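Here the structure is laid out as structure tokens; the discussion comes afterwards.
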Amino acid sequence: VKIASNAKVSALQEKLAGILSTEQHTVPSRLLTLYLARKKGEATWMNHDHTVKGFLRGGISTEYEEMLSSWILDEDCFGKNFQPGRKEIHVLVELPQLSEAELPRDRQLVVGDVHIPITQSMSLNPPALVAFWNAFLNDSTDVKAGALVELPRDTYLLGDSTLGSRIYIRHCYPALWELCLERIHDEKTNTPHLVILGNPGIGKTFFGYVIVLHLVRTNETVVYESGGLKKRFLFAHNVVAQGSQEDFVRILDQPTTYYIVDAVKPAYYPAKTILLTSPRRSIWYEFNKTNCRSCYMPVWSLKEILQCRELMYSDTPMAVVQKCFRRWGGIARYVLRFSQVRNQQLLLEKAMDIVDLDWLVKACGQLDANDAQVSHRLLHYRVSKAFDSEYIVFASQYVQQAVYNRLYKKDKRKLLEFIAASDGFGALAVLRGHLFEGHVHSVLPRGGTFKVRRLVENNEAYDDDDDLMEDEWDGDDEDG
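Under the UniProt record's numbering, the first residue of the sequence shown is numbered 1, with each subsequent residue one higher.
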């Protein structure tokens, strides 16, 4: 900015106001606050380098002296024999904080009756995200068990090519979506917030995309937050936007908004909120305390695994997938996606290598710990058809027997004493039962004489129709 020497600061304010004003909006000069761009008591001016942008976002601190409008732009301000240096900043300008009504229309984001300023971290209608949104709007796939939602060519989930362009509809998804609707709209319980937990790698993130698909189809306002991408995405009938994890707050303050959160601790808002996460306590526990309910997503059945292989992983040999399922159980991440990635497959053996009895007992009691990733490779939640967690089971018969063999080899006496003990309940009792089963599988092949007794009273037959093993959960049974 060029201005006469010995002019007043007020003249500089007027000059700057003229530069900043537009046809649509006039910036009053009296509302501009100017500061000398050097700290009080220092002679060094601020450099115009890559740090400036971050500094300005943080606001101007009290270390910089405000220039009063009556001051003269002379040596009292800038020092004797002042000569502007290259890449130096001499004056900082603080713009007035405008009310939302005063903001230019092109600097506001409008959703329904809500007007919010467009921040530097927001991007309105980015083409890749708009393409994703339009694909969901135009998609006519019947979202039922076993279906495949496939986006058009060069269109990707959330506009991100690393996320792919296809969603396999797990057999539990339709029933779980119905449960979501029922719980977040239940006026009697007043619980508009829901947490969906489950082992890592079973499709919770993709279920979040399915939720967005349902809501976009019914023209709802949705804010989707991704812990992995560290972004929020806004989908409304007249606008698509992405922003930081602090954006769109005014929209989230509306109880009619749907807030879908994946793998990150959500802030508390009036919006109807669904959090999908592995059971890391730091993410879900506090949020679950207020106006919230929780449920669990089951691991995959073999039927789902084989169906998804046919639709999305047909290049992977059937024998490879079946072998991975026998090892990992129903964790699609390792049975399908990483079935032929050696370093990923080795993670199971590495998990079993650290197991001892004390570790296993602790893991059963703290499967929601923040460092429980290894535990989740060996232990799975057994989920009922009502999406409750009933108890914990070993990931597979392979894992169960391998863990038993390791514990037996490491400390036979301690293991057998633990199996023979009768104390404990819940997860501990289930663990003892599984280890006993491993013991039986080791002992019976050796032969011998064993006592036998029935485990049901009055000669009643045990009906196991409603007690499926965790690797056999299949939502089709709900329909008869």
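Glycine included, every Cβ here is placed at the ideal spot set by N, Cα and C. These figures come from a predicted structure and were not determined experimentally.
What's the C-alpha gap between residue i and residue j?
i, j, result
"Pro117", "Leu234", "14 Å"
"Glu417", "Leu407", "12 Å"
"Lys231", "Gln245", "5 Å"
"Gln254", "Asp247", "14 Å"
"Ala175", "Leu215", "16 Å"
"Ser123", "Arg293", "33 Å"
"Pro127", "Pro152", "14 Å"
"Ser21", "Ala332", "57 Å"
"Thr51", "Val212", "38 Å"
"residue 483", "Lys362", "Only positions 1 to 480 of the chain appear in the structure, and residue 483 is not among them; the question remains open."
"Gln345", "Ala429", "30 Å"
"Leu357", "Trp177", "39 Å"
"Gly112", "Asn219", "12 Å"
"Thr273", "Lys87", "48 Å"
"Leu302", "Val114", "47 Å"
"Val1", "Ala241", "35 Å"
"Ile89", "Met46", "5 Å"
"Val91", "Leu32", "12 Å"
"Tyr268", "Asp186", "18 Å"
"Leu336", "Ile202", "11 Å"
"Leu179", "Ile260", "15 Å"
"Asp388", "Lys289", "17 Å"
"His193", "Ala263", "15 Å"
"Val355", "Gln373", "13 Å"
DSSP on residue i, reduced to helix/strand/coil?
i, result
"Ile283", "helix"
"Lys385", "coil"
"His434", "helix"
"Lys323", "helix"
"Asp479", "The pLDDT assigned to Asp479 is 37, lower than 50, so where the model puts this residue is not dependable; a value taken from the coordinates is nonetheless given after this. Asp479: helix per DSSP, three-state reduction."
"Ser123", "strand"
"Ser294", "strand"
"Val149", "strand"
"Val130", "helix"
"Val355", "coil"
"Ser278", "coil"
"Val155", "Note on identity: in this sequence residue 155 is Thr, with Val being the wrong assignment. Thr155: coil per DSSP, three-state reduction."
"Trp328", "helix"
"Ala363", "helix"
"Ser375", "helix"
"Ser140", "coil"
"Ser161", "helix"
"Gln254", "coil"
"residue 482", "Absent from the structure is residue 482, since the part of the chain shown begins at 1 and ends at 480."
"Val264", "coil"
"Gln340", "coil"
"Ala135", "helix"
"Ala429", "helix"
"Pro96", "coil"
"Ile317", "In the sequence as displayed, the identity of residue 317 is Pro instead of Ile. DSSP places Pro317 in coil when its eight states are reduced to three."
"Lys451", "coil"
Per DSSP, which residues does residue i bridge with? Please list them.
i, result
"Pro117", "Gln108"
"Tyr259", "Val223 and Thr273"
"Tyr334", "Paired residue(s): none; Tyr334 is not in a bridge."
"His380", "Val393"
Is residue i buried or exposed, if buried means 16 or more other CB atoms sit within 10 Å of its CB?
i, result
"Ser304", "The amino acid at residue 304 is misidentified as Ser; the sequence shows Glu. With 16 or more Cβ atoms within 10 Å of its Cβ, Glu304 is classed as buried."
"Ile283", "buried"
"Val403", "buried"
"Ile419", "buried"
"Glu472", "Its pLDDT being 44, under 50, Glu472 is placed unreliably by the model, and nothing is read from it."
"His48", "exposed"
"Arg342", "exposed"
"residue 488", "Here the chain covers residues 1 to 480 and nothing more, so residue 488 does not appear."
"Glu182", "exposed"
"His237", "exposed"
"Ile251", "buried"
"residue 501", "In the structure as shown, the chain starts at 1 and stops at 480, and residue 501 therefore has no counterpart that could be examined."
"Met318", "exposed"
"Asn199", "buried"
"Lys144", "exposed"
"Ile72", "exposed"
"Gly329", "buried"
"Ile167", "buried"
"Trp359", "exposed"
TODO: Identify every run of the alpha helix (DSSP H) within the segment 394-426, keeping only runs that are complete inside it and at least 4 residues long; order them along the chain.
DONE: 397-410 and 412-420
Open item on the list: Threshold first: 4 residues or longer. Then list the alpha helix (DSSP H) segments lying entirely within the segment 165-249, N to C.
Closed with: 173-184 and 204-217
TODO: Scan the UniProt domain "Crinkler effector protein N-terminal" (1-94) and note each continuous beta strand (DSSP E) run of 3 residues or more that stays entirely inside, going in chain order.
DONE: 33-39, 64-67 and 91-94
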